[in-house]
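Line by line, the protein sequences give chains F and L. Numbering follows the UniProt record's numbering, with no gaps: position 122 of the first sequence is 122. Numbering follows the UniProt record's numbering, with no gaps: position 253 of the second sequence is 253. Glycine residues also receive a C-beta, built at the ideal position from the N, C-alpha and C atoms. As the structure is a prediction and not an experimental result, all values here were calculated from the model. Comments concern the structure below.
Number of protein chains: 2
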Amino acid sequence: MKPVRVALLGCGVVGTEVVRLLLEQSDDLAARVGAPVELAGIAVRRPDRVREGVPADLVTTDAMGLATRADVDIVVEVIGGIEPARSLILGALKSGKSVVSANKALLAEDGQTLFGAAREFGVDLYYEASVAGAIPLLRPLRESLVGDRIHRVLGIVNGTTNYILDQMDTHGAGFADALSEAQALGYAEADPTADVEAFDAAAKAAILAQLAFHTPVTAADVHREGITDVTAQDVAGAKAMDCVVKILAICERDGDRGVAVRVHPAMIPRTHPLGSVRGAYNAVFVEAESAGSLMFYGAGAGGAPTASAVLGDIVAVARNRVNGASGPVETTYAALPILPMGDTVTRYYVQLDVADQAGVLAQVAEEFARHGVSIQAVRQEGSGEDARLVIVTHRATDAALSSTVESLRSHASVREVASVMRVEGDI
Amino acid sequence: MKPVRVALLGCGVVGTEVVRLLLEQSDDLAARVGAPVELAGIAVRRPDRVREGVPADLVTTDAMGLATRADVDIVVEVIGGIEPARSLILGALKSGKSVVSANKALLAEDGQTLFGAAREFGVDLYYEASVAGAIPLLRPLRESLVGDRIHRVLGIVNGTTNYILDQMDTHGAGFADALSEAQALGYAEADPTADVEAFDAAAKAAILAQLAFHTPVTAADVHREGITDVTAQDVAGAKAMDCVVKILAICERDGDRGVAVRVHPAMIPRTHPLGSVRGAYNAVFVEAESAGSLMFYGAGAGGAPTASAVLGDIVAVARNRVNGASGPVETTYAALPILPMGDTVTRYYVQLDVADQAGVLAQVAEEFARHGVSIQAVRQEGSGEDARLVIVTHRATDAALSSTVESLRSHASVREVASVMRVEGDI
Numbered sequence: 001m002k003p004v005r006v007a008l009l010g011c012g013v014v015g016t017e018v019v020r021l022l023l024e025q026s027d028d029l030a031a032r033v034g035a036p037v038e039l040a041g042i043a044v045r046r047p048d049r050v051r052e053g054v055p056a057d058l059v060t061t062d063a064m065g066l067a068t069r070a071d072v073d074i075v076v077e078v079i080g081g082i083e084p085a086r087s088l089i090l091g092a093l094k095s096g097k098s099v100v101s102a103n104k105a106l107l108a109e110d111g112q113t114l115f116g117a118a119r120e121f122g123v124d125l126y127y128e129a130s131v132a133g134a135i136p137l138l139r140p141l142r143e144s145l146v147g148d149r150i151h152r153v154l155g156i157v158n159g160t161t162n163y164i165l166d167q168m169d170t171h172g173a174g175f176a177d178a179l180s181e182a183q184a185l186g187y188a189e190a191d192p193t194a195d196v197e198a199f200d201a202a203a204k205a206a207i208l209a210q211l212a213f214h215t216p217v218t219a220a221d222v223h224r225e226g227i228t229d230v231t232a233q234d235v236a237g238a239k240a241m242d243c244v245v246k247i248l249a250i251c252e253r254d255g256d257r258g259v260a261v262r263v264h265p266a267m268i269p270r271t272h273p274l275g276s277v278r279g280a281y282n283a284v285f286v287e288a289e290s291a292g293s294l295m296f297y298g299a300g301a302g303g304a305p306t307a308s309a310v311l312g313d314i315v316a317v318a319r320n321r322v323n324g325a326s327g328p329v330e331t332t333y334a335a336l337p338i339l340p341m342g343d344t345v346t347r348y349y350v351q352l353d354v355a356d357q358a359g360v361l362a363q364v365a366e367e368f369a370r371h372g373v374s375i376q377a378v379r380q381e382g383s384g385e386d387a388r389l390v391i392v393t394h395r396a397t398d399a400a401l402s403s404t405v406e407s408l409r410s411h412a413s414v415r416e417v418a419s420v421m422r423v424e425g426d427i
Numbered sequence: 001m002k003p004v005r006v007a008l009l010g011c012g013v014v015g016t017e018v019v020r021l022l023l024e025q026s027d028d029l030a031a032r033v034g035a036p037v038e039l040a041g042i043a044v045r046r047p048d049r050v051r052e053g054v055p056a057d058l059v060t061t062d063a064m065g066l067a068t069r070a071d072v073d074i075v076v077e078v079i080g081g082i083e084p085a086r087s088l089i090l091g092a093l094k095s096g097k098s099v100v101s102a103n104k105a106l107l108a109e110d111g112q113t114l115f116g117a118a119r120e121f122g123v124d125l126y127y128e129a130s131v132a133g134a135i136p137l138l139r140p141l142r143e144s145l146v147g148d149r150i151h152r153v154l155g156i157v158n159g160t161t162n163y164i165l166d167q168m169d170t171h172g173a174g175f176a177d178a179l180s181e182a183q184a185l186g187y188a189e190a191d192p193t194a195d196v197e198a199f200d201a202a203a204k205a206a207i208l209a210q211l212a213f214h215t216p217v218t219a220a221d222v223h224r225e226g227i228t229d230v231t232a233q234d235v236a237g238a239k240a241m242d243c244v245v246k247i248l249a250i251c252e253r254d255g256d257r258g259v260a261v262r263v264h265p266a267m268i269p270r271t272h273p274l275g276s277v278r279g280a281y282n283a284v285f286v287e288a289e290s291a292g293s294l295m296f297y298g299a300g301a302g303g304a305p306t307a308s309a310v311l312g313d314i315v316a317v318a319r320n321r322v323n324g325a326s327g328p329v330e331t332t333y334a335a336l337p338i339l340p341m342g343d344t345v346t347r348y349y350v351q352l353d354v355a356d357q358a359g360v361l362a363q364v365a366e367e368f369a370r371h372g373v374s375i376q377a378v379r380q381e382g383s384g385e386d387a388r389l390v391i392v393t394h395r396a397t398d399a400a401l402s403s404t405v406e407s408l409r410s411h412a413s414v415r416e417v418a419s420v421m422r423v424e425g426d427i
C-alpha cells in the first residue's frame with residue numbers, strides 16, 4: 001500500500017508528542033489505517049528550538065511550502081492562533097490535503113470558511129483536539145449521535161479554571177490565592193487571561209454548539225463571564241446548599257426559535273455528574289432526545305492527552321484517504337438565530353446584606369415579584385448588623401433576574417448585594 | 001444515489017424504536033449517509049405482536065430469508081440470545097451484508113467466529129449497543145484511542161444492579177427489599193438472575209476487554225460474583241470510610257503477561273467519578289497511556305437509548321458501504337493469556353466480630369502478615385459482645401487475601417467474618 005504522508009505544522013509540546021507517537025506506534029497505526037503512515041515534514045518557526053526525538057532532517061521553516069507539497073496527504077496543524085494557521089489550513093485544503101487541527105480559537109472564529117473549503121475540495125477537516133483534549137467527544141457527537149436531536153450541552157471545558165475553583169471549594173481560599181497557587185503548580189499561565197476571563201472556554205463553547213445544533217456559532221456569539229469575581233463567600237454559599245461553583249459552557253437549543261450559548265460561573269448540585277469533576281479535568285454533559293443524558297470526562301489539556309486526540313483524527317482521515325472516502329461533512333443546515341442572553345432562562349442565587357428590620361423580607365420578595373421572578377427558597381441568617389438573606393429563585397429570564405438584582409442594589413433596605421450567581425444543572 | 005437497504009431482525013422494545021427513528025429521521029439520515037436509507041423488511045416470530053408504527057407490509061417470519069436476501073445491504077440484529085441470532089448473523093455476513101448487533105451474550109460467547117466471518121467477507125460488524133446502551137463507547141475506544149495503550153477499564157455496566165445498590169446506599173435498605181422495589185418500578189425483571197448474578201455484566205466485561213486489549217476474551221474467562229450477598233452492613237461499612245459499594249466490571253492488562261477480567265461488588269471512594277453514577281445509569285472509566293483517565297457516562301439500557309446506539313452504527317456502516325469502504329477490523333493480534341483471579345492484585349475490606357480480649361488485634365494482624373498481606377488501616381469498634389475490627393488492606397494478590405480470610409474464619413478469636421469486600425478505584 002502506498003504510504004500515507006503526514007505533514008506537521010508546529011512542534012511545541014503537543015507537536016513533539018504527536019511526532020513521538022507517530023514514530024513509536026508506526027506498526028500499530030499501519031495496521032489500523034491499512035497503509036504505512038509516514039512523517040513527511042515538520043514546519044517550525046525556530047529550528048534551534050526543536051526538541052529531542054524530532055527528526056532534524058524533516059524540519060523546515062517553509063510552512064506553506066510543506067502544507068501544499070505534492071507528496072503530502074494530511075496536514076496536522078498544532079500551531080494555534082488565527083494567522084498563519086488559517087492561511088496554512090486553507091492552503092492545505094485547497095491543495096486537496098485533509099487537515100487535522102487542534103485550533104479552537106481559529107475554529108470558533110472562522111470555522112465556516114474552513115468547513116466550506118473542506119466541503120468544496122472534498123477533503124476532511126477533523127478537530128477533536130480543539131475541545132476537551134483527550135476526551136473522544138466531537139466525533140461521537142458527529143457520528144454516534146447522528147439521527148438524534150441534542151437539546152443541551154453543559155461543559156467544564158477549561159482545566160485551569162476548574163482547578164482554581166476546585167481549590168477554592170476544597171480549601172476555602174479566595175480567588176487570588178487560588179490563582180497564585182495554580183500558577184505556581186503550572187496549572188495556570190503567567191498571563192492567565194485567556195483562561196480566567198473565559199476566552200478559551202467561549203471558543204470551545206462555540207465549537208460545541210455549532211456541532212450539536214448544526215448551526216453556525218462563533219466565539220462572538222457566546223455570552224462570556226470569567227471567574228475573576230467569584231469569591232470565597234460565593235463558594236461557601238454554594239456549599240451550604242450542597243452545591244459547588246463551576247464555570248460552565250452552556251449550549252441550549254430552543255426548538256426552532258434559536259440557540260443560546262454562554263460561559264459563566266454557576267452553582268450546580270454536588271450530586272450532578274459535573275459536580276464530581278475535580279482538579280484540571282474536563283467533562284461535557286449532553287442531553288439528547290433519544291440517547292438521554294450522556295457525559296464525557298477526561299483530561300482537557302496536556303501534551304500527551306491532546307496528542308492522543310490528534311492521533312485518533314490522523315488515523316481516521318488516513319483511513320478515509322486509503323478507502324477513497326471522506327468523513328461526514330460539517331453541516332450547518334439549521335441556520336438558527338442566536339438568542340440574546342436576556343432571553344435565556346436560568347435561576348439565580350442572591351445573597352443580600354440587609355437592615356435587620358421587620359418587613360425587609362417582604363419588601364425584597366416584592367421586588368422579585370415585581371419583575372415576575374418567583375422565589376424557590378429564602379433563608380434568613382444572622383441578625384442586626386449581620387442580617388443576611390439568601391435567596392434562590394425559580395427559573396426566569398436572565399433579563400428579569402438581572403434587573404431584579406439591579407433594583408435590589410439600590411433598595412433602601414439592602415445594604416449590599418453580597419453575592420449573585422446563576423444556578424444550573426438540576427437534573 | 002442507490003438507497004441503502006436495512007433489514008431488521010427482531011422488533012421488541014428496541015427494534016420498534018429503531019423502526020420509528022429510521023422512518024422519522026429519514027431525511028437527516030440520508031444527509032448523513034450520502035444516500036437514502038430504506039427499511040427492507042422486519043423479521044419477527046409473532047406478527048400478531050408487532051407494535052403500532054411498524055409497517056405491516058414489511059413484516060415477515062422468514063428471518064434467514066430476509067437476512068440473506070439479495071436486495072438487503074445491512075442486517076440489524078436485535079433479537080438477543082445465542083440462536084437463532086448467531087446463525088442469522090453468520091448467514092448475513094457470508095452473503096456480504098454488513099451487520100449491526102446489540103447482542104452482548106452472543107458477542108461475549110462467540111465474538112471470534114463472527115469477527116472472523118466479517119473479516120473474511122470484507123464487511124462490517126458493529127455492536128455499540130451491546131455494552132452501555134446509549135453511551136458512545138465502543139467506537140471511541142476502537143477509533144479515537146487507536147495508537148494508545150489501554151491499561152485498565154472499570155465499568156458500571158448494569159443499570160439494574162447499580163439502581164439496587166444506589167437504593168441500598170441512599171435508604172439503608174437490605175438487598176431483598178431493594179430488589180423488590182426495583183422490580184416494582186421496572187428496573188429489575190421478575191427473574192432478575194441475569195442482572196443480580198452478573199451474567200449480563202460479565203458478557204459486557206468480556207466485550208470491553210477484547211476491544212481494549214486486542215485479545216480474545218469470552219464470558220467464561222470472566223471471574224463473576226453478583227450482588228446477592230451484599231448486605232446493608234457492607235454498605236454502611238463503605239459509607240463510614242466515605243466509600244460506596246458498586247458492582248464493577250474490571251479489565252486489566254499486565255503488560256505482556258496477560259489480562260484479567262472480573263465482575264464483582266467493590267467499595268470505591270465516593271469521590272471517584274464512578275462514585276457519582278446513580279440510579280440505573282452506566283459509566284465506563286478507562287485508563288490509557290496517552291489519553292490518561294477518561295469516563296463515558298449515560299443510560300445503559302432502555303428502548304430509546306439503545307436504539308440511538310443502533311442508529312449510530314447503522315449510519316456508520318451505511319456510509320462505509322456508500323463509500324465502498326469498511327470500518328476498522330476487529331483485531332486480536334495480542335493473543336494474551338487470561339490470568340487467573342488468584343493472581344489479580346486488589347485490596348480487601350474485612351469486618352470481623354471478635355472476642356474482646358487483649359491481643360486479638362495483634363493475632364489478627366499476624367494472620368494477615370503470615371499470608372504476606374499488609375494492613376493499611378484498622379479500626380476497632382465496640383467492646384465486649386460487640387467488639388469489631390474493621391480492616392482495610394494494602395494491595396495484595398486475591399489468592400493471598402482470600403486465604404487470609406479463610407484462616408480468619410476458623411481463627412479462635414474471630415467469632416464471625418461479618419463482611420468481606422474488595423476495595424478498588426483509588427486514583
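Ranked by how close their Cα comes to the Cα of Asp398(L), the residues His371(L), Ala418(L) and Arg379(L) have His371(L) in first place. Using beta-carbon distances, Asp242(L) does not count as an interface residue toward chain F, since no partner is under 8 Å. CA-CA distance, Gly155(F) to Val277(F), rounds to 10 Å. Between Val373(L) and Thr404(L), the CB-CB gap stays under 8 Å. A Cβ-Cβ contact shorter than 8 Å links Val100(F) with Val76(F). Glu287(F) has its alpha-carbon roughly 20 Å from the corresponding atom of Arg20(L). Taking one beta carbon from each stretch, the region 7-22 of chain L and the region 64-82 of chain L have 3 or more pairs nearer than 8 Å; the two touch.
The DSSP-derived three-state label of Thr60(F) is strand. Across the set Leu274(L), Ala43(L), Ile164(L) and Val146(L), the C-alpha of Val146(L) shows the shortest separation from the C-alpha of Ala291(L). Membership of Met421(F) in the beta strand (DSSP E) is indicated by the continuous run Val414 to Val423. Counting only residues of its own chain and dropping the five nearest sequence neighbours on each side, Ala108(F) has a CB closer than 7 Å to the CB of Ala203, Ala206, Ile207, Thr218 and Ala219. At a cut-off of 8 Å between C-beta atoms, Val315(F) counts as an interface residue with respect to chain L. Contact annotation: in the region 282-299 of chain L, residues whose CB is within less than 9 Å of a CB in chain F are Ala283, Phe285, Val286, Ala288, Glu289, Ser290, Ala291, Gly292, Ser293, Leu294, Met295, Phe296, Tyr297, Gly298 and Ala299. Less than 8 Å separates the beta-carbon of Tyr163(F) from that of Ala182(F).
Contacts with chain F (Cβ-Cβ distance below 8 Å) from the region 12-36 of chain L involve Glu17, Leu21, Gln25, Asp28, Leu29, Ala31 and Arg32, listed in chain order. Nearest CB-CB separation between Ser101(F) and chain L: not below the 8 Å threshold. Here Gln357(F) is exposed: its Cβ has fewer than 16 other Cβ atoms, across all protein chains shown, within 10 Å. Residue pairing by DSSP places Thr393(L) opposite Ile375(L) in a beta bridge.
Ala43(L) sits away from Asp71(L), with the two beta carbons spaced by 8 Å or more.
Contact check for Leu125(F) against Leu138(F) fails: the beta carbons are separated by 8 Å or more. Neighbours of Ile135(L) across chain F, judged by C-beta separation under 7 Å: Leu294. By the criterion of at least three beta-carbon pairs nearer than 8 Å, the region 184-194 of chain F is not in contact with the region 248-264 of chain F.
Under the Cβ criterion (8 Å, minimum of three pairs), the region 346-353 of chain L does not count as touching the region 87-107 of chain L. Under the 8 Å criterion on CB atoms, Arg119(F) is classed as non-interfacial with respect to chain L. One alpha carbon belongs to Asp169(L), the other to Ala266(L), and they sit about 13 Å apart.
Residues of chain L whose Cβ lies closer than 9 Å to the Cβ of Glu52(F) do not exist, since the nearest Cβ in that chain is about 18 Å away.
In chain order, Ser276 and Arg278 make up the part of chain L whose C-beta sits under 9 Å from the C-beta of Thr271(F).
Where Val18(F) is concerned, the enclosing alpha helix (DSSP H) starts and stops at Val13 to Glu24. Distance from the Cα of Arg262(L) is smallest, within the candidate group Ala418(L), Val230(L) and Glu424(L), for Glu424(L). Between Ala283(L) and Leu294(L), the C-beta spacing is not below 8 Å.
CA-CA distance, Val230(L) to Pro84(L), rounds to 36 Å. Across the set Val153(F), Ala198(F) and Cys251(F), the C-alpha of Val153(F) shows the shortest separation from the C-alpha of Phe296(F). Contact between Thr228(L) and Phe175(L) holds: their C-beta atoms lie close to 7 Å from each other, under 8 Å. Here Gln351(L) is buried: its Cβ has 16 or more other Cβ atoms, across all protein chains shown, within 10 Å.
Closest in alpha carbon position to Ala240(F), among Glu38(F), Gly111(F) and Arg379(F), is Arg379(F). Within chain L, the residues whose beta carbon sits less than 9 Å from that of Asn323(F) are Asn320, Asn323, Gly324, Ala325 and Ser326, listed in sequence order.
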